[in-house]
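Worksheet for the structure shown next.
Structure follows, in structure tokens:
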């Protein structure tokens, strides 16, 4: 049996409204929001007393989703360092294809994004960059140029 699809990637954030605004500025669409709590949540994630709010963001093509989660209980665990470098083990980066990388960077900077390096060219195929987004997540952007 094969998997059907990848449904979403979740990011735990400390400010849900700011994260929704950030990913909306990127071009994602808010699909819906919900409060999550109860025995099913505790059993699913393996924590006791889960109480959280989620916002499901969808790419314009409808194929990819990002779940933004704000935990109210139990208390959020903060890993060190707070903003790990790109070569840290584990999941911490998500990449988006964009039409205009410069315009996208400008829109995201208005929401606190910071370039980790600079916009670089990969041969004559892509312009690429890494930005630091909500909750320290690295958001990579790729503009196809050739």
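Residue numbers (full-length UniProt numbering): 1 to 146.
By construction, the Cβ of each residue, glycine as well, lies at the ideal position given by its N, Cα and C atoms.
With a cut-off of 8 Å, do at least 3 Cβ pairs link the region 102–121 to the region 11–31? In short, these stretches touch, since the Cβ pair count reaches three.
Over what stretch of residues does the beta strand (DSSP E) that includes residue 24 continue unbroken? Per DSSP, residue 24 belongs to no beta strand (DSSP E); it is in the alpha helix (DSSP H), 16–26.
Going by the CB atoms, is the gap between residue 54 and residue 44 shorter than 8 Å? Contact flag unset, no.
Assumed close pair residue 140, residue 12 - CB separation to whole angstroms, cut-off 8 Å: Incorrect: roughly 19 Å between the Cβ atoms, too far for contact.
Taking the DSSP output, what are the residues bridged to residue 120? 128, per the DSSP bridge assignment.
Could you please give the first and the last residue of the uninterrupted alpha helix (DSSP H) stretch that includes residue 101? For residue 101, the enclosing alpha helix (DSSP H) has its first and last residue at 101–109.
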